[in-house]
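Which chain is which? The protein sequence lines are L and Z, in order. Quick note on numbering: the first sequence equals residues 1 to 353 in full-length UniProt numbering. Quick note on numbering: the second sequence equals residues 1 to 353 in full-length UniProt numbering. No residue lacks a Cβ here, since even glycine has one placed at the ideal position from N, Cα and C.
Number of protein chains: 2
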Amino acid sequence: MSELTGPVEVVGAGLVGTSIALALTRAGIEVLLSDRSDDHLRTASGLGAGRPVAAGDRPQLVVVAVPPDALGAVIRDALERTDAVVTDVGSVKSRPLAAVAELPGVERYVGSHPMAGSERSGPLAASAALFDGRPWAITPHGSSDPDAVALVEELATRCGATPVRLSPADHDRAVAHTSHVPHLLASLAAGQLLGAPRDHLDLSGQGVRDVTRVAAGDPGLYGQIVSSNAEQVLTLLIDVRERLDGVIVALDRGDRDRLDEVLRDGVAGTRAIPGKHGGPARPSTSVWVSVPDHPGELARLFADAGASGVNIEDVHIDHDPGRETGLVELVVEADRAEHLLTSLESRSWVTHR
Amino acid sequence: MSELTGPVEVVGAGLVGTSIALALTRAGIEVLLSDRSDDHLRTASGLGAGRPVAAGDRPQLVVVAVPPDALGAVIRDALERTDAVVTDVGSVKSRPLAAVAELPGVERYVGSHPMAGSERSGPLAASAALFDGRPWAITPHGSSDPDAVALVEELATRCGATPVRLSPADHDRAVAHTSHVPHLLASLAAGQLLGAPRDHLDLSGQGVRDVTRVAAGDPGLYGQIVSSNAEQVLTLLIDVRERLDGVIVALDRGDRDRLDEVLRDGVAGTRAIPGKHGGPARPSTSVWVSVPDHPGELARLFADAGASGVNIEDVHIDHDPGRETGLVELVVEADRAEHLLTSLESRSWVTHR
Numbered sequence: 001m002s003e004l005t006g007p008v009e010v011v012g013a014g015l016v017g018t019s020i021a022l023a024l025t026r027a028g029i030e031v032l033l034s035d036r037s038d039d040h041l042r043t044a045s046g047l048g049a050g051r052p053v054a055a056g057d058r059p060q061l062v063v064v065a066v067p068p069d070a071l072g073a074v075i076r077d078a079l080e081r082t083d084a085v086v087t088d089v090g091s092v093k094s095r096p097l098a099a100v101a102e103l104p105g106v107e108r109y110v111g112s113h114p115m116a117g118s119e120r121s122g123p124l125a126a127s128a129a130l131f132d133g134r135p136w137a138i139t140p141h142g143s144s145d146p147d148a149v150a151l152v153e154e155l156a157t158r159c160g161a162t163p164v165r166l167s168p169a170d171h172d173r174a175v176a177h178t179s180h181v182p183h184l185l186a187s188l189a190a191g192q193l194l195g196a197p198r199d200h201l202d203l204s205g206q207g208v209r210d211v212t213r214v215a216a217g218d219p220g221l222y223g224q225i226v227s228s229n230a231e232q233v234l235t236l237l238i239d240v241r242e243r244l245d246g247v248i249v250a251l252d253r254g255d256r257d258r259l260d261e262v263l264r265d266g267v268a269g270t271r272a273i274p275g276k277h278g279g280p281a282r283p284s285t286s287v288w289v290s291v292p293d294h295p296g297e298l299a300r301l302f303a304d305a306g307a308s309g310v311n312i313e314d315v316h317i318d319h320d321p322g323r324e325t326g327l328v329e330l331v332v333e334a335d336r337a338e339h340l341l342t343s344l345e346s347r348s349w350v351t352h353r
Numbered sequence: 001m002s003e004l005t006g007p008v009e010v011v012g013a014g015l016v017g018t019s020i021a022l023a024l025t026r027a028g029i030e031v032l033l034s035d036r037s038d039d040h041l042r043t044a045s046g047l048g049a050g051r052p053v054a055a056g057d058r059p060q061l062v063v064v065a066v067p068p069d070a071l072g073a074v075i076r077d078a079l080e081r082t083d084a085v086v087t088d089v090g091s092v093k094s095r096p097l098a099a100v101a102e103l104p105g106v107e108r109y110v111g112s113h114p115m116a117g118s119e120r121s122g123p124l125a126a127s128a129a130l131f132d133g134r135p136w137a138i139t140p141h142g143s144s145d146p147d148a149v150a151l152v153e154e155l156a157t158r159c160g161a162t163p164v165r166l167s168p169a170d171h172d173r174a175v176a177h178t179s180h181v182p183h184l185l186a187s188l189a190a191g192q193l194l195g196a197p198r199d200h201l202d203l204s205g206q207g208v209r210d211v212t213r214v215a216a217g218d219p220g221l222y223g224q225i226v227s228s229n230a231e232q233v234l235t236l237l238i239d240v241r242e243r244l245d246g247v248i249v250a251l252d253r254g255d256r257d258r259l260d261e262v263l264r265d266g267v268a269g270t271r272a273i274p275g276k277h278g279g280p281a282r283p284s285t286s287v288w289v290s291v292p293d294h295p296g297e298l299a300r301l302f303a304d305a306g307a308s309g310v311n312i313e314d315v316h317i318d319h320d321p322g323r324e325t326g327l328v329e330l331v332v333e334a335d336r337a338e339h340l341l342t343s344l345e346s347r348s349w350v351t352h353r
């Protein structure tokens, strides 16, 4: 059994590389750094991410965190100059694998991809907490040594992430859906703002800021990423174009049904994204409470429900003018209902179980 | 001169109506509520947003906060049954104006639109703070009484928002750019997720969540909004489709330049959005600091710069191995440079002014 004891060499002290180095340092593992840019290397060292690699260093694991176009060459170099396990953290997995698949030592290579980043770049934007609770794709190939796979999975967990194992091809299909196509649509949403008079953009709210945030990312980097995954991205974009055509026709003809279909699919799509903590969206249930029919009681109920820490998703009030109490239905996540009931009962509310 | 003293009648106790009612109540203004749904009305009252409107009430201002398809009829009703100033807070302004433009009393009508919302809906999602610091479009028509315009502007400021005056047509062009087209692209980004195997969505990171967040909004409501502004939205969508075609051709041919153009326009678009506090993006400047060339000093500098509360946007290190100190360039917002210099000097750093 392998165990990650270090040292770990991180090649590329940008946002992701420096964040990995900081996370490993936090975990007590020695980190060796290298970067073509002296600024990046010194900044990362200065931030406490590790020390510059030196002659004679023998890393247990090399993490290649360089832009997509450089991945193949840098992974190859790491396999040749060390006997370490080698992973890369590039956003596309089939292409770098193809570049090294025939090399001696390729059994020591296991691709990976932490699903965390930022529209900012460079070591100054790095954070030891960047990967906490995030998925980290682990993409072994047919000849990957199982011990090497285990070591890269341990890298992910020591950085605070949750490893998710996928084939390189499945990974690339997945990120076309979850990252590359959303990024391109964000770029289109942001780009069309340039056609508006400057003072019209004063009406920008939080919505457009959220939709376009990722489009602020380094265009050189994203050009490389999307191009490296062109085949998967193209398949999806052609489908998106068809649906966009449908919206255009629907608006032109006043066909509300066809527009609603796209909007409803959008709602379903947001619900298909797993919950922040990796689980699926939770089912809801109802909690029933009797509420005296005089002013202030409903406000008191909402305040007490709020104090319980349970998020109220919806409410219905069954009010019969002939009675002195109403029955209030609070809709909450199913696994929070018991806590809400107990909490309300402790504050003297009459609940209906 | 008019002054907003109340009472204000809010018609429609959904997310926006209840939030306005809560904000006005917070400001000490009496609020009268009405809604077709008893649940909504009781929930809003229970939250402390106001009391249900009663016969004999004479509001100073009526705020119509109902779905777009109902706006014309409800504004007309408010003009006919009261002598109050009437505004609506609908997301599109030309169409409701057209519905009431010929009515007697139309000089008392001034459209408006707070640029704040949520992918959630209903009174339970409401907040008195929803409009704090947000723009609120005020869209007088040719016959609007100036006192009525001033009263609606005061509504916006009393709710914590910043009034932005625009013609109804300019407003509708502006929100096509800043709201409706981004929403539709978010819906397309979310909808294409439905084509992915469920476990592939485990790779969803913060990016796709942000891009798609608004697409979770009520499809019935957004169908009405986008349809009400079909002409403006169509013009922009046809341009977006052309650019999407360009991306597809670029990916198909491996034409990196054409892809980069769309990505670069996206970056420029995100920069065109005014800063959160309404101002334009700030210019940057450099602060120079001498740093002794031994371990730990750079980390100490970053820690001290961080303690100053000034965000370091970039760093360059001018390191001459023959000297015992290096010169570090910290790039910061221009109007924060003086504070950073003073702060570093107070911690004994040698700066270069």
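At a Cβ cut of 8 Å, what residues of the segment 238-264 of chain Z count as close to chain L, listed as they run along the chain? Ile238, Asp239, Val240, Arg241, Arg243, Leu244, Asp245, Val247, Ile248, Leu251, Asp252, Gly254, Arg256, Leu259, Asp260, Val262, Leu263, Arg264
Closest to Ile312/Z by CA distance: which of His339/Z, Leu151/Z, Pro292/Z is it? His339/Z
Any idea what DSSP makes of Pro321/L, helix, strand or coil? Note on Pro321/L: pLDDT 49, under 50, position unreliable in the model; the coordinate value appears next. Correct three-state label for Pro321/L: coil.
Using a Cβ cut-off of 9 Å, which residues of the segment 165-180 of chain L contact any Cβ in chain Z, in chain order? Leu166, Asp170, His171, Arg173, Ala174, Val175, Ala176, His177, Thr178, Ser179
When the distance is taken between beta carbons, is Val267/L closer than 7 Å to Trp349/L? no
Can you tell me whether DSSP reads His183/L as helix, strand or coil? helix
Classify Ile20/L as helix, strand or coil using the three-state DSSP reduction. helix
Minimum Cβ-Cβ distance from Ile75/L to chain Z less than 7 Å: no
Neighbouring residues, chain L, relative to Leu32/Z (Cβ below 8 Å): Within 8 Å Cβ-Cβ: nothing; Leu32/Z doesn't reach chain L, min ~15 Å.
Taking C-beta to C-beta, are Val152/Z and Thr87/Z nearer than 7 Å? yes
Endpoints, the beta strand (DSSP E) within which Ile75/L is located: Taken as a continuous stretch (DSSP letters only), Ile75/L belongs to no beta strand (DSSP E), being part of the alpha helix (DSSP H) at 71-81.
To the nearest angstrom, how far is the alpha carbon of Arg42/Z from that of Ala70/Z? 21 Å
Taking 7 Å as the CB-CB cut-off, is Leu203/Z touching chain L? yes
Taking the alpha-carbon of Gly275/L as reference, which of Asp199/Z, Leu301/Z, Gly326/Z has the nearest alpha-carbon? Asp199/Z
Please confirm whether Phe302/Z has its beta-carbon closer than 7 Å to some beta-carbon of chain L. yes
Could you tell me the boundaries of the beta strand (DSSP E) in which Ala62/Z lies? In the sequence as displayed, the identity of residue 62/Z is Val instead of Ala. Here the beta strand (DSSP E) through Val62/Z covers 61-64.
Using a Cβ-Cβ cut-off of 7 Å, state whether His40/L counts as contacting chain Z. no
If you measure between the beta carbons of residue 354/L and Leu298/Z, is that distance less than 7 Å? Nothing about residue 354/L can be read from this structure; chain L reaches only from 1 to 353.
Cβ-based neighbour list, Val262/L, same chain, cut-off 7 Å, excluding 5 preceding and 5 following: Arg243, Gly246, Val247
Look at the Cβ atom of Gly105/Z, then the Cβ atom of Leu79/Z, and state whether they are nearer than 7 Å. yes
I need the DSSP call for Leu203/Z, collapsed to helix, strand or coil. helix
Measure the alpha-carbon distance for Arg158/L versus Ala27/L and round it to whole angstroms. 7 Å
Sort Val31/L, Ala174/L, Ala215/L by Cα distance to Leu193/L and report the nearest one. Ala215/L
7 Å Cβ cutoff, Pro182/Z in contact with chain L: yes
I'd like to know if Pro67/L contacts chain Z, where contact means its C-beta is closer than 7 Å to some C-beta of that chain. no
Hey, Leu32/Z and Pro59/Z: beta-carbon distance below 7 Å or not? yes
Can you tell me which of Gly220/L, Arg241/L, Asp83/L puts its alpha carbon nearest to the alpha carbon of Arg256/Z? Gly220/L
By a C-beta neighbour count over all protein chains shown, 10 Å radius and 16 as the cutoff for buried, is Ile238/Z buried or exposed? exposed
Output the distance between the C-alpha atoms of Asp304/L and Ala126/Z, rounded to the nearest integer angstrom. 17 Å
For Gly309/Z, the nearest candidate out of His316/Z, Glu329/Z, Gly122/Z, Thr342/Z (CA to CA): Thr342/Z
Three-state secondary structure (DSSP) of His352/Z: strand
Where do the N-terminal and C-terminal ends of the alpha helix (DSSP H) with Leu194/Z fall, by residue? First-last for Leu194/Z: undefined, no H or E at that position.
Less than 6 Å separating the Cβ of Gly266/L from some heavy atom of the ligand MG? Only the bare structure without any ligand can be found here, which leaves the ligand MG out of the picture.
Pairwise C-alpha distance: Val110/Z and Ser167/Z: 11 Å
Is there a C-beta anywhere in chain Z that falls below 7 Å from the one on His316/L? yes
Taking the alpha-carbon positions, what's the Pro7/L to Val63/L distance? 11 Å
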